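*Asks:* This is the structure I want to talk about, given as structure tokens.
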Amino acid sequence: MAAVNDSKPRVLSGIQPSGNLTIGNYLGALKQWVEVQHDYDCFYCVVDLHAITVPQDPAELRQRTRESAAMYIAAGIDPELSTIFVQSHVPAHSELAWMLTCMAPIGWLHRMTQFKDRTAKQTQESIGAGLLNYPSLMAADILLYHADLVPVGDDQNQHLEFTRDLAQRFNHLYGETFTLPTVMNPQAGARIMGLDNPTAKMSKSEASENHAVFLLDDLSRARKKIMRAVTDSHREICFSEEPERAGVNNLLTIYQAISGKSNAAIEAHFAGKGYGDLKRETADCVLSTLEPLQARYYELMNEAGYLDSVLRLGREKASAIADETLKLAQERMGFLAPS
Ligand code: ATP
Ligand code: LTN
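Residue numbering for the sequence shown is -1 to 337, as defined by our numbering.
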């Protein structure tokens, strides 16, 4: 049985294998995951059960699940330090999700902005019930591991609030069972916007050509997308909350998230320069992140068996904890234990 580290506080997070990962996923999630590895006992899952809340091609889903896991490692997650696993490999996620679904008021679920956004243009007949219940599954992911901290982009904060509320409800009804998790957003990069439309969040499922830089984009193509990013007709390069300056603000945010410099230092650096300079230097930063990541990714995908062994061990470590929590929750809810 794999060893479980009980002495450090715990982290859990996940990304859906619903498309190719973007720099939004990297700056909002993966980069923080790497940073907390030494101080926390980290569990990072590829959330395939979440991905099927919208239709997925089976062969593509399988392939993207492996690719996502490889991308976690390429981005710097060390399988020796952190547990990497596939959500559907640990059935406790589905089982606890059902129990939590039964306790989740649909009023809470209907208030989720992600649900409202994703279903805005669809008819009731075409919306799968999984989209509504999605936050209960996410709560199960987090609560099964007694996670203290959940590093995510800020679009997930409402789901974290929901998780805390649901955990409190369970604890109140059945006795202290779950740890209440705390959300962790990066200081810079908690919400990267689309390069072609800086009023919408950059998303891996958005189809338009110049919307997102993908982590596996050819470097010259990634640079081109950034050079084509929407800006405005002002000249001054400064951070701004104004909607019409969202494009420049987004480029500055990407630059900041990678360089780690302060607002003042960045504004001083770009004083007197033009948007062309801002784009070029932001592209340089992005490419300096993508290049080593891509090299490691292709190396991993060519290393027969390695990824499978990481996922096998991950499943073992994750199951050990998740099964125990599930059993406790089942007991508390009044399920008859099998004899
Ligand atoms: P999809 O478009 O398929 O819904 P997505 O690109 O929004 O997906 P998720 O799998 O939903 O990605 O998100 C995984 C993680 O990446 C979450 O922590 C989320 O907050 C973060 N994330 C996604 N997009 C961004 C973004 N544009 N800026 C910052 N963080 C992001
Ligand atoms: N809902 C998240 C993905 C996700 C997740 C989680 C994140 C599923 N389960 C548990 C953190 C913890 C999203 O980014 N769309």
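Yeah, the Cβ is synthetic: ideal placement off N, Cα and C, and Gly gets one too. Here the structure is a predicted model, which is why all the values come from computation and not from measurement.
By a C-beta neighbour count over all protein chains shown, 10 Å radius and 16 as the cutoff for buried, is Ala95 buried or exposed?
*Replies:* Looking up residue 95 in the sequence shown gives position 97. Buried is the call here.
*Asks:* If you draw a straight line from the alpha carbon of Ser257 to that of Leu305, how long is it in whole angstroms?
*Replies:* Taking the sequence shown and counting its residues from 1, one reaches residue 257 at position 259. Taking the sequence shown and counting its residues from 1, one reaches residue 305 at position 307. Going by the C-alpha atoms only, they are around 30 Å apart.
*Asks:* How many whole angstroms separate the CB atoms of Leu135 and His91, which I take to be in contact at a CB cut-off of 8 Å?
*Replies:* Along the sequence shown, one-based indexing puts residue 135 at 137. Along the sequence shown, one-based indexing puts residue 91 at 93. About 7 Å separates the two Cβ atoms, so the contact holds.
*Asks:* In chain order, what residues of the same chain lie with their CB nearer than 8 Å to the CB of Ser86, ignoring the 5 residues before and after it?
*Replies:* Indexing the sequence shown from 1 puts residue 86 at position 88. Within the same chain, Ser86 has close Cβ partners Asp46, Leu47, Ser92.
*Asks:* Alpha carbon to alpha carbon, what distance is there between Arg189 and Asp153?
*Replies:* The residue labelled residue 153 in the question sits at position 155 within the sequence shown. The residue labelled residue 189 in the question sits at position 191 within the sequence shown. C-alpha separation (whole angstroms): 7 Å.
*Asks:* Among the residues of its own chain, which have a CB less than 6 Å from the CB of Asn155, if the five just before and after it don't count?
*Replies:* Position 157 of the sequence shown, counted from the first residue, corresponds to residue 155. So the list reads Val181, once near-sequence residues are dropped.
*Asks:* Between Leu10 and the ligand LTN, is the CB less than 7 Å from at least one heavy atom?
*Replies:* Within the sequence shown, numbered from 1, the residue matching residue 10 stands at position 12. Yes.
*Asks:* Based on the DSSP output, what are the partners of Leu147 in its beta bridges?
*Replies:* For the purposes of this step, residue 147 is taken as the residue at position 149 of the sequence shown. Answer by DSSP bridge pairing, in chain order: Val9, Thr180.
*Asks:* State the Cα-Cα distance for the pair Ala320 and Leu142, rounded to the nearest angstrom.
*Replies:* Here residue 320 refers to the residue found at position 322 of the sequence shown. Here residue 142 refers to the residue found at position 144 of the sequence shown. Roughly 5 Å between the two C-alpha positions.
*Asks:* Going by Cα to Cα distance, which pick from Ile252, Ser80, Ala49 is closest to Tyr132?
*Replies:* Residue numbering aside, residue 132 sits at position 134 when the sequence shown is read from its first letter. Selected option, being the one with the closest Cα: Ala49.
*Asks:* For Tyr344, count neighbouring Cβ atoms within 10 angstroms of its own Cβ and tell me buried if that reaches 16, exposed if not.
*Replies:* There is simply no residue 344 to check, as the chain begins at -1 and stops at 337 in what is shown.
*Asks:* Any idea what DSSP makes of Val44, helix, strand or coil?
*Replies:* Sequence index remark: in the sequence shown, residue 44 carries index 46 (1-based). Val44 falls in the strand class under three-state DSSP.
*Asks:* Pick from Tyr253, Glu322, Leu98: whose alpha carbon is nearest that of Phe237?
*Replies:* Taking the sequence shown and counting its residues from 1, the one referred to as residue 237 is at position 239. Of Tyr253, Glu322, Leu98, the residue nearest in Cα terms is Tyr253.
*Asks:* Suppose only complete runs of 4+ residues qualify. What are the alpha helix (DSSP H) ranges in the segment 49 to 93, listed by chain order?
*Replies:* Taking only runs of at least 4 residues, the alpha helix (DSSP H) segments lying wholly in the segment 49 to 93 are 56 to 72.
*Asks:* Going along the chain, which residues of its own chain have a beta-carbon closer than 8 Å to the beta-carbon of Arg278, five neighbours each way excluded?
*Replies:* Locating residue 278 in the sequence shown gives position 280, where the first residue counts as 1. Excluding positions up to five away in sequence, the list reads Met225.
*Asks:* Secondary structure at Lys199, three-state DSSP: helix, strand or coil?
*Replies:* The sequence position of residue 199 within the sequence shown is 201, counting from 1. Reduced to three states, the DSSP call for Lys199 is strand.
*Asks:* Which residues in the same chain have their Cβ closer than 6 Å to the Cβ of Met(-1), if we skip the five residues on either side of it in sequence?
*Replies:* Here residue -1 refers to the residue found at position 1 when the sequence shown is read from its first residue. For Met(-1), the pLDDT reaches just 41, beneath the cut-off of 50, and the residue's location in the model is therefore unreliable, although a value from the coordinates is still provided. Answer for Met(-1): no residue qualifies.
*Asks:* I think Trp31 touches Ser5, with their Cβ atoms under 8 Å apart; what is that distance to the nearest whole Å?
*Replies:* The residue given as residue 31 occupies position 33 in the sequence shown. The residue given as residue 5 occupies position 7 in the sequence shown. Contact doesn't hold; Cβ gap of about 20 Å is too wide.
*Asks:* Taking DSSP's pairing of strands, which residues face Phe212 in a bridge?
*Replies:* Start at 1 with the first residue of the sequence shown, and residue 212 comes out as number 214. Phe212 is bridged to Thr20.
*Asks:* With a cut-off of 8 Å, does the C-beta of Met97 fall near any C-beta of chain D?
*Replies:* As a matter of chain content, chain D is missing from the structure shown, which is built from one protein chain.
*Asks:* Please confirm if the segment 239 to 255 is in contact with the segment 264 to 276, defined as three or more CB-CB distances below 8 Å between the two stretches.
*Replies:* At 8 Å Cβ cutoff, the stretches touch.
*Asks:* From the DSSP output, in three-state form, read off Asp39 for me.
*Replies:* Looking up residue 39 in the sequence shown gives position 41. Asp39: strand per DSSP, three-state reduction.
*Asks:* Hey, Thr81 and Lys315: beta-carbon distance below 8 Å or not?
*Replies:* Stepping through the sequence shown from its first residue, residue 81 is reached at position 83. Stepping through the sequence shown from its first residue, residue 315 is reached at position 317. Their beta carbons are under 8 Å apart, which means Thr81 touches Lys315 by this criterion.
*Asks:* Looking at the strands, I want to know which residues DSSP matches up with Met191.
*Replies:* For the purposes of this step, residue 191 is taken as residue 193 along the sequence shown, with counting starting at 1. Bridge partners of Met191: Lys199.
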